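Asks: Under UniProt numbering, the sequence shown has 117 at position 117, and the numbering climbs by one with no breaks. Heads up, the beta-carbon is just placed ideally off N, CA and C, and yes, glycines get one too. Just so it is clear, the structure is predicted and the values come from calculations on it, not from any experiment. Below is the structure I would like to discuss, written out as structure tokens.
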Amino acid sequence: MQYNPNAQWLRDHGYDPSMEKSVHIARAQRFVDHISNQAQPWSLLHELAHAYHDQYLGWNEKFIRDAHQQFVDSGKYESVLHIDGKMRPHYALTNHKEFFAEMSESFLGTNDFFPFVRGELKTELPEVHALMTAIWMGD
């Protein structure tokens with residue numbers, strides 16, 4: 001499953017370019033497996049957050065980029081608890097787009113990386129919690 005931000009990427013990977021700006025579930029069974037085994041419990045929300053980020057907020061939204069940079073610079077998320085019980089680098093370190101989608105999972109549902117839920121996000125990253133509140137709740 002993935003969010004498709006542009007038609008050229010779709011063409012280059014053998015997909016119909018009319019799926020641009022959509023969330024595409026290419027393999028339904030894989031999607032169901034990810035949810036049922038709790039490997040990625042809120043993966044659909046994650047992809048929809050990418051769509052919201054791209055189409056409504058814009059990929060270059062400064063507050064998200066700045067929050068991501070602070071997250072990276074802290075060095076605290078190079079090894080965090082994953083839902084499988086192992087320590088791993090947080091997927092939000094990847095880039096500002098994944099950061100927004102991952103923090104949206106924690107704020108609106110359940111993430112597969114710590115902080116897993118909204119209460120942990122509020123305690124662990126109060127500034128990110130405030131950003132997610134402003135974006136998703138309009139406060």
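What are the boundary residues of the alpha helix (DSSP H) that residue 52 is part of?
Replies: Here residue 52 refers to the residue found at position 52 when the sequence shown is read from its first residue. Where residue 52 is concerned, the enclosing alpha helix (DSSP H) stretches over 43 to 52.
Asks: Alpha carbon to alpha carbon, what distance is there between residue 114 and residue 120?
Replies: Numbered from its first residue, the sequence shown carries residue 120 at position 120. Numbered from its first residue, the sequence shown carries residue 114 at position 114. For residue 120 and residue 114, the distance between alpha carbons rounds to 8 Å.
Asks: Near residue 45, which residues of its chain fall below 7 Å by C-beta distance, leaving aside the five closest residues on each side in sequence?
Replies: Here residue 45 refers to the residue found at position 45 of the sequence shown. Same-chain partners within the cutoff: 104, 105, 108, 109.
Asks: Out of curiosity, what's the CA-to-CA distance linking residue 61 and residue 100?
Replies: Counted from its first residue, the sequence shown places residue 61 at position 61. Counted from its first residue, the sequence shown places residue 100 at position 100. Approximately 10 Å, taken between the alpha carbons.
Asks: For residue 72 and residue 93, which I take to be in contact (beta-carbon distance under 8 Å), what is that distance rounded to the nearest angstrom?
Replies: As a working note, residue 72 is residue 72 in the sequence shown. As a working note, residue 93 is residue 93 in the sequence shown. Right, their Cβ atoms sit about 6 Å apart.
Asks: Would you grab the beta carbon distance between residue 5 and residue 54 for me? Rounded to a whole angstrom, and I think it's under 8 Å.
Replies: Counting from 1 along the sequence shown, the entry for residue 5 is found at position 5. Counting from 1 along the sequence shown, the entry for residue 54 is found at position 54. The Cβ separation is near 5 Å, so the contact holds.
Asks: Rounded C-beta distance between residue 42 and residue 95? I'm assuming under 8 Å.
Replies: For the purposes of this step, residue 42 is taken as the residue at position 42 of the sequence shown. For the purposes of this step, residue 95 is taken as the residue at position 95 of the sequence shown. Contact flag wrong, Cβ pair sits at about 19 Å.
Asks: Below 8 Å on the Cβ atoms is my guess for residue 50 versus residue 91; work out the distance and round it to an integer in Å.
Replies: Start at 1 with the first residue of the sequence shown, and residue 50 comes out as number 50. Start at 1 with the first residue of the sequence shown, and residue 91 comes out as number 91. Going by Cβ atoms, the distance from residue 50 to residue 91 rounds to 13 Å, so no, they are not a contact pair.
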